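Chains as they are written, first to last, in the working numbering: chain A, 39 to 207; chain B, 39 to 207.
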């Protein structure tokens, strides 16, 4: 699909059709897109935890308060920052650009997606780190839920001229 | 252009052709794309400062240590977070997704772009706030430099299997 179409077509999908798996090839396309995002000083300080086993998806369900759609959705990608590689604090921004690429690529592939916020909510960070045994220097930024959409949402243009400041505040 | 092409074609462009303006219509397309990015709880806690006047571009040049390409580039968009709207701390991530949409839309439109990091480097945040009189609750996340590319960079696939963890760390 055209980029200008996909950017508006991407919507937060919270209902999924069960039983339609996300394939290895699809996961690789999503993660290649993620790693094509820019990072400060080209640090590439991201790491990705992919879950498709039902028992692991259920663990996530228990670790995140708004992950209810993971009962049906077949795949999540937890986007994490490696704080050993980034001592400045650019990693949440860089990982969010990677997350956005995942969501756009999913939309382009005809898949539904939603970004569940984790960082900086300490209780969500700790619950996910504990559930999946993440090392101390790995912090989950957010969760991309991926699957076949079980709801339709129309593309949305949210342009708001009040948020645009030209030359001065 | 196709989304899957644009995601890889987007590269950090640090040389620009002087004298080719970015039009009002182009700026609006870039900002509409920015505001199509998701935000936590749909807060839309972003604000955008667009600079095209040479005297303001020169102010930015003085306020950011790596903005040398702004001597030639005709347009910058400073992506900011409104911390009155977001008390959790999701704004750097949300504004980074908006930034990524700007970079991708610029690429789609045949324009070059680069993301200059600002937040959380306090000295850059303060210099930009002071230069442009930003209110206390508005924090600059980063600067999107936009213009006609003066250098060519090939699309790059940075997929790294070592950063992918399947089911467990």
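Glycine residues also receive a C-beta, built at the ideal position from the N, C-alpha and C atoms. Quick caveat: nothing in here was measured; it's all calculated off a predicted structure.
If you look at residue 44 of chain A, you'll find it in the alpha helix (DSSP H) that goes 41-47. Contact annotation for residue 122 of chain B against chain A: no contact, minimum CB-CB distance about 13 Å [criterion: below 7 Å].
Think of a sphere of 7 Å around the beta carbon of residue 159 of chain A: the chain B residues whose beta carbon falls inside it are 126, in chain order. The segment 109-128 of chain B makes contact with the segment 183-190 of chain B, as at least three CB pairs between them are under 8 Å. DSSP places residue 130 of chain A in the helix class (H, G or I) of the three-state scheme. For secondary structure counted as the alpha helix (DSSP H) over 4 or more consecutive residues, the segment 53-98 of chain A holds these complete runs in sequence order: 62-72. Of the residues A:203, A:52 and A:86, the one whose Cα lies closest to the Cα of residue 140 of chain A is A:86. Under the three-state reduction of DSSP output, residue 152 of chain B falls in the strand class. In this structure, DSSP gives residue 106 of chain A a helical state, which the three-state scheme calls helix. Residue 128 of chain B sits buried, since 16 or more C-beta atoms from the chains shown fall within 10 Å of its C-beta.
In this structure, residue 41 of chain B places its C-beta atom within 8 Å of the C-beta atom of residue 142 of chain A. When the five nearest sequence neighbours on each side are left out, the beta carbons in the same chain lying within less than 6 Å of the beta carbon of residue 169 of chain B are those of 97 and 101, in order along the chain. Exclusion of the five residues before and after residue 54 of chain A leaves 107, 110, 111, 112, 150, 183, 185, 186, 187 and 188 as the residues of its chain whose Cβ lies within less than 8 Å of its Cβ. For the pair residue 74 of chain A and residue 138 of chain A, the Cα-to-Cα distance works out to about 11 Å. The C-alpha of residue 203 of chain A is placed about 31 Å away from the C-alpha of residue 159 of chain A. When rounded, the separation of the alpha-carbon atoms in residue 77 of chain A and residue 134 of chain A is 10 Å.
Shown in chain order are the members of the segment 88-100 of chain A whose Cβ falls below 8 Å from a Cβ of chain B: 88, 89, 90, 91 and 94. Scanning its chain for C-beta atoms nearer than 6 Å, with the 5 sequence neighbours on each side dropped, one finds around residue 49 of chain A the residues 191, in chain order. About 5 Å separates the beta carbon of residue 44 of chain A from that of residue 145 of chain A, a gap short enough to meet the 8 Å contact definition.
Comparing alpha-carbon positions, the option among B:154, B:176 and B:126 lying closest to residue 84 of chain B turns out to be B:176. Per DSSP, residue 165 of chain B lies in no beta strand (DSSP E) segment; the continuous alpha helix (DSSP H) that holds it begins and ends at 160-170. In the displayed model, residue 116 of chain A falls within a strand according to three-state DSSP. Each residue's CA atom was taken as its position, placing residue 89 of chain A and residue 156 of chain A some 16 Å apart. Under the Cβ criterion of 8 Å, residue 41 of chain B is counted among the residues facing chain A.
Collapsing the DSSP output to three states places residue 125 of chain A in coil. Contact annotation, residue 136 of chain B with residue 117 of chain B: C-beta distance approximately 6 Å; criterion of less than 8 Å satisfied. Between the C-alpha atoms of residue 164 of chain B and residue 64 of chain B there is a straight-line separation of about 29 Å.
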